[in-house]
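A short write-up of the structure that comes next.
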Amino acid sequence: MSTEANRVGGIWRFLVACWKANLSSALEYRLSFLLLAGMMLVNNLMWLFFWSLFFARFPVVQGWELRDVMMLWAISAGGFGWASVLFGNYYRIATIVSSGQLDVYLSQPKPVLLHVLASRMSVMAAGDFLFGLLVYAWAGDHTIRGFLLFAAGLLLAGLLFMGIMIIVGCLAFWYGNSEGIAQQVFNSFVALTTYPSDIFRGVARTILFSVVPAGFISYLPIGLLRYFDPAFVFVAVLVTLGLLAIGIVLFYVGLRRYASGNAITVRQ
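Residue numbers 1 to 268, in the numbering used here, belong to the letters of the sequence shown in order.
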């Protein structure tokens, strides 16, 4: 028990050290940090402005109201934000593998995948996370229960983003340069998480909850925040953990196929 506790404590200290280093690096150029994060915050607010114009004309669409869409954007952007700030390499795995940048991680006695994920911070994503918190402060349920459900939504959304992109990124172990595929999946997944899931019907809805499971994020404002649906939440948690497990397994299986890039690299 003591050995396991020491191991967990060592991993946690390692993560904290990575996050501190990433933050220090980002704050070396504070104006750039503030501008990039601020631009992403403004970009998201502009989308909400357009949605407000739409709902001013059509107050209810398939049971969705403006407040639901606001919380959808808060969860989607906020979940993407925290995941990209703390584990900013999760959508760059295809690039790291195909360009031989894994060498620097393999040479250090740390969990490889965790080291890869935590070694980069997305500066712009800080604006997404701040946007999510601001929208919650504006339109969310401010009770303790409401806050805990919102935090759970952020956690699920971020982990879903990570699970999907780790799986797609691992294609690079088998198919070489798969950066284009990973980028297309990433863009599609982000876009689909910002539209109410109930506007999709038939085959499109099936795909939204299976092939590209963005529906598990886009339905959270209804199935988690407005009407707590235990069945939906259970399946969403199960899918999230399953995708993460598949991604981890694929990464370490693919690692056996990895050939050194013979490149001199430094941690980014």
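Note that the Cβ used here is the ideal one computed from N, Cα and C, for glycine as well.
Our two residues, residue 193 and residue 217, have alpha carbons roughly 6 Å apart in a direct line. Membership of residue 184 in the alpha helix (DSSP H) is indicated by the continuous run 179 to 192. Sequence-distant Cβ neighbours of residue 170 in its own chain, meaning closer than 6 Å and more than five residues away, are 250, 251, 254.
The alpha-carbon separation between residue 75 and residue 172 amounts to approximately 30 Å. When 166, 197, 207 are compared, the shortest CA-CA separation from residue 95 is found for 166.
By the Cβ neighbour-count rule, residue 49 is exposed, with fewer than 16 other Cβ atoms within 10 Å of its own. Residue 88 and residue 117 have their alpha carbons spaced roughly 6 Å apart.
Cβ contact annotation for residue 122 (same chain, cutoff 7 Å, sequence separation greater than five): 84, 85, 88, in chain order. Separation of the CB atoms of residue 244 and residue 159 is rounded to 6 Å, and the pair is thereby assigned contact status at 8 Å.
Comparing alpha-carbon positions, the option among 208, 106, 129, 42 lying closest to residue 82 turns out to be 129. Here the alpha carbons of residue 247 and residue 113 stand approximately 10 Å from one another.
For residue 230, the enclosing alpha helix (DSSP H) begins and ends at 230 to 255. Annotated as proximal: residue 41 and residue 131, with beta-carbon spacing under 7 Å. Using a C-beta cut-off of 8 Å, the segment 206 to 217 makes contact with the segment 178 to 193, since at least three inter-stretch Cβ pairs fall below that distance. Around the beta carbon of residue 142, a 10 Å sphere encloses fewer than 16 other beta carbons of the protein chains shown; the residue is thus reported as exposed.
Sequence-distant partners of residue 133 (beyond 5 residues in either direction) whose C-beta falls short of 7 Å from its own C-beta, in its chain, are 78. Beta-bridge annotation (DSSP): residue 61 is paired with 64. Note that the C-beta distance between residue 68 and residue 230 is not below 7 Å.
Between residue 111 and residue 181, the beta carbon gap of about 26 Å keeps them out of contact (Cβ cut-off 8 Å).
Residues of the same chain with a CB within less than 8 Å of the CB of residue 65, apart from the 5 flanking positions on each side, are 55, 59 in chain order.
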